[in-house]
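Protein chains in written order, with the numbering used here: chain A, 2 to 137; chain B, 2 to 137. Think of the CB as a built atom: it goes at the ideal place given N, C-alpha and C, for glycine as much as any other residue. Scroll down for the structure; my scribbles are underneath it.
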């Protein structure tokens, strides 16, 4: 089995938060929404149903674990979960905390406007809270 | 256990295709994309992680089964899967076949333009092919 290789654009647009059983948990470099991404560490996969059944179950488990933690930390109105991949084909799942009145609410976040980078202390605090919620 | 009640807006915007183990499989009344929806037949659920673990696994199984069939039938470039629910809170999962050059490609479909109703024979043929792929 060859080492996992992350797509270049995903690497550029996100930062590693933690490594779970199957996925890399990453944060988008965009402070407009609390926006996370799960990337299964499997090369050459595009669709969720390209994964083996056990990996499909793991991805569901990790997505729901991260979604629960993100809702706890943010108090969001709704968690948005999406696997699109029209631009970057490497399989990845978005997990985003949405709240009434946030940018483009109630529309989708993808393709909307320009990313607004985090100020480092705010990103550090968010990641700290997230990891705490994930481990509790 | 009380009878499952479908949200009024989902009922208006979609038609029933088939009932799976957990979900209603429905088709959107919008011919711009081959666009399906899975609605777990559980009242009062908003997030995927509100479902019991067995139902989460079933939803994953049914989503991937439908995604696979949809890709087979359409030959789409990419299947888009999303659970947003910012407008309609009853838990529902979108499964959409996307192809290069389709409306708003490679952006998301949600919130884009106006629905274009199917001509009945085209919808009938699509559903026929889909059910055939699901049963094979």
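How is the alpha helix (DSSP H) around residue i delimited, first residue to last?
{"i": "residue 128(A)", "result": "121-136"}
Run through DSSP, which three-state label would residue i get?
{"i": "residue 46(B)", "result": "coil"}
{"i": "residue 79(A)", "result": "strand"}
{"i": "residue 17(A)", "result": "strand"}
{"i": "residue 67(B)", "result": "helix"}
{"i": "residue 116(A)", "result": "coil"}
{"i": "residue 12(A)", "result": "helix"}
{"i": "residue 84(A)", "result": "strand"}
Please decide whether residue i counts as near chain A, where near means a Cβ-Cβ distance under 7 Å.
{"i": "residue 48(B)", "result": "yes"}
{"i": "residue 61(B)", "result": "yes"}
{"i": "residue 68(B)", "result": "yes"}
{"i": "residue 128(B)", "result": "no"}
{"i": "residue 76(B)", "result": "no"}
Can you check whether the C-beta of residue i is within less than 7 Å of a C-beta belonging to chain B?
{"i": "residue 57(A)", "result": "yes"}
{"i": "residue 79(A)", "result": "yes"}
{"i": "residue 44(A)", "result": "no"}
Please report the residue range of the beta strand (DSSP E) in which residue i lies.
{"i": "residue 28(A)", "result": "24-29"}
{"i": "residue 39(B)", "result": "36-41"}
{"i": "residue 93(A)", "result": "Segment: none, residue 93(A) is in no beta strand (DSSP E) and carries neither H nor E."}
Closer than 7 Å, Cβ to Cβ, to anything on chain B: give me those residues from the region 85-115 of chain A, in chain order. 85, 86, 87, 88, 99, 106, 107, 108, 109, 111 and 112
Between the region 15-32 of chain A and chain B, which residues of the former have CB atoms less than 9 Å from a CB of the latter, in chain order? none
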